[in-house]
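Position 42 of the sequence shown, counted from 1, bears residue number 42 in full-length UniProt numbering, the numbering being contiguous throughout.
Written out below as structure tokens is the structure these notes cover.
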Amino acid sequence: RSLTVTAPWITRLPPDILAQIFIRGTKSHSSSTTDVQQCRVFLPISVSQVSKQWRKVALQLPQLWNYIDMSEGRPYNRTYVWLKRSRNLPLDISIDY
1 RSLTVTAPWI TRLPPDILAQ IFIRGTKSHS SSTTDVQQCR VFLPISVSQV SKQWRKVALQ
61 LPQLWNYIDM SEGRPYNRTY VWLKRSRNLP LDISIDY
């Protein structure tokens, strides 16, 4: 008896489709500002840690990284990484104190 393992369909999506999914993921349809901000903070981190392919796609999308949350409790050392990854895109910076 042999076991055939097939990769889930999502791992077979082309990079351009993955990119569109990631970008749409940052544009939450929630009416809550907090939900939208949390999505914009955590989505880039989350998708870049799924697989090598997803990380490669995420790192090629500066629009995933141009939102910087400088709220209390956020690690400021991460800000440099976001600035670098956002390349030359205009930044959207949130500051809560």
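Cβ atoms here follow ideal geometry from the backbone N, Cα and C, with glycine treated the same way.
As a quick exercise: from the options, pick the residue whose alpha carbon is nearest that of residue i.
i, options, result
"Asp96", "Val47, Trp9, Gln37 and Ser48", "Gln37"
"Gln60", "Pro44, Ser71, Ile68 and Pro90", "Pro44"
"Leu91", "Gln20, Arg24, Arg12 and Tyr67", "Tyr67"
"Lys52", "Trp65, Leu18 and Ile93", "Leu18"
"residue 120", "Arg24, Val50 and Arg85", "Any property of residue 120 remains undetermined from this structure, which presents the chain solely from 1 to 97."
"Asp69", "Cys39, Ile93, Leu13 and Lys27", "Ile93"
"Thr26", "Thr79, Val57, Arg78 and Gln63", "Gln63"
"Pro14", "Ala58, Ser46 and Ser86", "Ala58"
I need the boundaries of the beta strand (DSSP E) containing residue i, first residue and last residue.
i, result
"Asp69", "Tyr67 to Asp69"
"Asp92", "Asp92 to Ser94"
Hey, how far is the Cα of residue i from the Cα of residue j?
i, j, result
"Phe22", "Leu83", "18 Å"
"Arg55", "Pro8", "17 Å"
"Val81", "Gln20", "22 Å"
"residue 98", "Arg24", "Only positions 1 to 97 of the chain appear in the structure, and residue 98 is not among them; the question remains open."
"Tyr76", "Arg12", "35 Å"
What are the boundary residues of the alpha helix (DSSP H) that includes residue i?
i, result
"Asp16", "Pro15 to Gly25"
"Thr79", "Asn77 to Arg85"
"Gln49", "It is not in any alpha helix (DSSP H) - Gln49 carries neither H nor E in the DSSP assignment."
Tell me whether residue i is buried or exposed, calling it buried when 16 or more other Cβ atoms sit within 10 Å of its Cβ.
i, result
"Val41", "buried"
"Asp16", "exposed"
"Ser48", "buried"
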